[in-house]
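Peer 1: One structure follows; several queries about it will come next.
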Amino acid sequence: MSPVSPEPLAQTPAQTPAPTPGQILLVRHGETAWSLTGQHTGVTDIPLTANGEEQARAVGRALAGRRFSQVLTSPRLRARTTADLIGFGDQAVVEPHLAEWDYGAYEGLTSLEIKAERGHWNLWTDGVPAGATPGENNAEVQSRALRVLGRVRADVLAGNDVLLVAHGHILRALAAAWVELPPTGGQVFALGTSTMSALGYEHDVPVILLWNAPAPRAGV
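Residue numbers (full-length UniProt numbering): 1 to 220.
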């Protein structure tokens, strides 16, 4: 009797490895007259200073050659101008959820002025009263941040980089949401004007890869 040949083993299809995740690059807008004085600037639509414009151009030089699958910007003039000056204005799409915190009655006031009126005050824990606008609390701001992350996360997981151009408090809230901190978590992140930060993944865990990095100025 002839020996029976074994059945050939079924071939397991080779699995395509998952792409290396991309990054979310955060750029805070350049200097304004109110960022210099420390006034809370939410809905007030003021332009960049001349120095703020040069700060933005420096960021553009640092980002030369970078490609982004999405470029989203706050609707405010200072953010849209920054997106233009860093070289991505043609690609930029306005994302309303990237607007800065609505400071309500505290719009245009400094933290020192607010504390002189009410004593101890922390935006992240105490919030703001309604004024000409309703104002927002930390949970409302984080909710907007999560909506932005929901818009870009699939692109990042597919291996693409995304650029967000916005403001100090909303970007801090967004970073906190990325690493799953509570709505008050953004208070631990300082963020200067015209700085670059990057969010990404390490071993499938959302992490902060870079934070509050200024771009080198020309000739420096």
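In this text, a Cβ means the ideal position worked out from N, Cα and C, and glycines have one as well.
So does the segment 126-139 actually touch the segment 66-74, counting three or more Cβ pairs closer than 8 Å?
Peer 2: No: fewer than three Cβ pairs fall under 8 Å.
Peer 1: Contact defined as beta carbons within less than 8 Å: I believe Glu-53 pairs with Gly-38. What is the distance between those atoms, to the nearest angstrom?
Peer 2: On the sequence shown, position 53 is the one that residue 53 refers to. On the sequence shown, position 38 is the one that residue 38 refers to. That pair is no contact at about 20 Å.
Peer 1: May I ask you to report which of helix, strand or coil DSSP gives Tyr-106?
Peer 2: Reading the sequence shown from its first residue, position 106 is the one you call residue 106. Here Tyr-106 sits in helix by DSSP.
Peer 1: May I ask which residues mark the beginning and end of the alpha helix (DSSP H) holding Arg-28?
Peer 2: Position 28 of the sequence shown, counted from the first residue, corresponds to residue 28. Arg-28 -> not in any alpha helix (DSSP H); beta strand (DSSP E) instead, spanning 24-28.
Peer 1: Where does Thr-195 fall in DSSP's three states?
Peer 2: Here the question's residue 195 lines up with position 195 in the sequence shown. Strand, per DSSP.
Peer 1: How big is the Cα-Cα spacing for Gln-55 and Leu-98?
Peer 2: One-based indexing of the sequence shown puts residue 55 at position 55. One-based indexing of the sequence shown puts residue 98 at position 98. Rounded to the nearest angstrom, the two C-alpha atoms are 20 Å apart.
Peer 1: Which of the three DSSP states, helix, strand or coil, is assigned to Trp-124?
Peer 2: Counting from 1 along the sequence shown, the entry for residue 124 is found at position 124. In the structure shown, Trp-124 sits in a helix (DSSP, three-state: H, G or I).
Peer 1: If we count Cβ pairs, one from each stretch, closer than 8 Å, do we get three or more for the segment 43-51 versus the segment 163-175?
Peer 2: Verdict: no, contact absent.
Peer 1: Candidates Glu-117, Val-207 and His-203: which alpha carbon is nearest Ala-177's?
Peer 2: As a first step, residue 177 is located in the sequence shown; it is residue number 177 there, counting from the start. Ala-177 has its Cα closest to that of Val-207, out of Glu-117, Val-207 and His-203.
Peer 1: In three-state terms, what does DSSP make of Pro-134?
Peer 2: Position 134 of the sequence shown, counted from the start, is the residue given in the question as residue 134. Looking at Pro-134 - three-state DSSP - the assignment turns out to be coil, as it is neither helix nor strand.
Peer 1: Tell me whether the segment 180-191 and the segment 110-120 touch, counting them as touching only if at least three CB pairs, one residue from each stretch, are closer than 8 Å.
Peer 2: Contact fails: fewer than three Cβ-Cβ distances are below 8 Å.
Peer 1: Which value, in whole angstroms, describes the spacing of the CA atoms of Ser-69 and Arg-217?
Peer 2: Mapped onto the sequence shown, residue 69 falls at position 69. Mapped onto the sequence shown, residue 217 falls at position 217. Their backbone Cα atoms lie some 27 Å apart in a straight line.
Peer 1: I need the boundaries of the alpha helix (DSSP H) containing Trp-34, first residue and last residue.
Peer 2: Numbered from its first residue, the sequence shown carries residue 34 at position 34. Its alpha helix (DSSP H) spans residues 33-37.
Peer 1: So, for Arg-67: in the same chain, excluding its five sequence neighbours on each side, which residues have a beta-carbon less than 8 Å away from its beta-carbon?
Peer 2: In the sequence shown, the residue the question calls residue 67 occupies position 67. Hits under 8 Å: Asp-161.
Peer 1: DSSP three-state call for Leu-171: helix, strand or coil?
Peer 2: Taking the sequence shown and counting its residues from 1, the one referred to as residue 171 is at position 171. DSSP places Leu-171 in helix when its eight states are reduced to three.
Peer 1: Among the residues of its own chain, which have a CB less than 8 Å from the CB of Thr-20, if the five just before and after it don't count?
Peer 2: For this step, residue 20 is matched to residue 20 along the sequence shown. Cβ within range, chain order: Gly-159.
Peer 1: Between the Cα of Ala-213 and those of Arg-118, Gln-142 and Leu-191, spot the shortest distance and give me the residue it belongs to.
Peer 2: Indexing the sequence shown from 1 puts residue 213 at position 213. Closest option to Ala-213, Cα to Cα, is Leu-191.
Peer 1: How should Ala-83 be labelled, buried or exposed, when 16 other C-beta atoms within 10 angstroms of its C-beta is the threshold for buried?
Peer 2: The sequence position of residue 83 within the sequence shown is 83, counting from 1. Under this definition Ala-83 is a buried residue.
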